[in-house]
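Student: My questions will all concern the structure given below.
In the working numbering, the protein residues as written are 128 to 328.
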């Protein structure tokens with residue numbers, strides 16, 4: 128995911144998709160071991176902070192009508208770790224405003240989110256609820272009427288099964304390289320030094 132996020136071709140394709148709209152890109156990586164990075168609120172806060180940091184003032188005014196841009200970004204930054212100064216309803220309302228593609232203030236933007244490690248997610252009660260996470264991401268994309276694009280990754284769990292046209296199986300792309308590994312010069316030499324031969328199942 129990090130490779131895709133940073134690759135020049137990714138930015139070029141997204142720029143083509145955005146057309147004349149201003150493109151804003153944000154990334155988030157779920158991490159089960161960190162309570163700030165395994166929650167849906169953590170995802171929302173981080174994405175909002177990145178977007179507000181890149182966008183002009185009126186973007187923040189649309190998402191947080193009661194905050195000026197500096198106040199909103201400062202509050203989100205503090206809320207990221209470890210303080211919790213934003214109420215859940217304020218964060219949810221801001222994302223509701225963000226995903227409503229008909230709002231004139233946001234009509235000039237196209238947004239792309241790169242979200243890694245969906246299987247590292249925990250819901251607010253501490254129990255895994257992958258279905259709610261998937262539903263939330265799909266609602267963001269659908270409500271935006273083409274304004275938001277999401278690239279997400281996870282282990283192949285049933286809850287994260289999307290239509291075939293939207294899915295890339297990484298192991299299918301890397302299998303030729305894995306199959307050729309035992310025949311690579313340095314790897315083959317390592318095996319010849321008494322460590323046996325490789326069997327790729």
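The C-beta atom is built at its ideal place from N, Cα and C for all residues, glycine as well.
#1: Would you report the Cα separation of residue 177 and residue 308, rounded to the nearest angstrom?
#2: Could you please give me the residues that DSSP links to residue 155 through a beta bridge?
#3: Give me the residue from 272, 305, 271 and 243 with the minimum Cα distance to residue 260.
#4: If you scan the region 274-323 from start to end, which runs of the beta strand (DSSP E) of 3 or more residues do you find wholly inside it?
#5: With distances taken between CB atoms, is the gap from residue 221 to residue 191 smaller than 8 Å?
#6: Would you kindly work out how many angstroms separate the C-alpha atoms of residue 146 and residue 132, rounded to a whole number?
#7: Provide the residue span of the alpha helix (DSSP H) that contains residue 184, from first to last.
#8: Quick one, which of 306, 282 and 305 has its alpha-carbon nearest residue 296's?
#9: Using the Cα positions of residue 239 and residue 299, report the straight-line distance between them to the nearest angstrom.
#10: Going straight from the alpha carbon of residue 174 to that of residue 313, what length do you get?
Tutor: Taking the definition as stated:
#1: Locating residue 177 in the chain shown gives position 50, where the first residue counts as 1. Locating residue 308 in the chain shown gives position 181, where the first residue counts as 1. Residue 177 and residue 308 have their C-alpha atoms some 39 Å from each other.
#2: As a working note, residue 155 is residue 28 in the chain shown. Answer by DSSP bridge pairing, in chain order: 242.
#3: Position 133 of the chain shown, counting from 1, holds the residue named residue 260. Comparing Cα-Cα distances from residue 260 to each of 272, 305, 271 and 243, the minimum goes to 243.
#4: Those beta strand (DSSP E) runs which fall completely within the region 274-323 and span 3+ residues are 275-279.
#5: For the purposes of this step, residue 221 is taken as the residue at position 94 of the chain shown. For the purposes of this step, residue 191 is taken as the residue at position 64 of the chain shown. Yes, the Cβ-Cβ distance between residue 221 and residue 191 is below 8 Å.
#6: Here residue 146 corresponds to residue number 19 of the chain shown, with the count starting at 1. Here residue 132 corresponds to residue number 5 of the chain shown, with the count starting at 1. Their backbone Cα atoms lie some 19 Å apart in a straight line.
#7: For the purposes of this step, residue 184 is taken as residue 57 along the chain shown, with counting starting at 1. Looking at the DSSP string, the run of the alpha helix (DSSP H) that includes residue 184 is 184-190.
#8: Looking up residue 296 in the chain shown gives position 169. It is 282.
#9: The residue labelled residue 239 in the question sits at position 112 within the chain shown. The residue labelled residue 299 in the question sits at position 172 within the chain shown. Approximately 25 Å, taken between the alpha carbons.
#10: Here residue 174 refers to the residue found at position 47 when the chain shown is read from its first residue. Here residue 313 refers to the residue found at position 186 when the chain shown is read from its first residue. Annotation: residue 174 to residue 313 spans about 42 Å, alpha carbon to alpha carbon.
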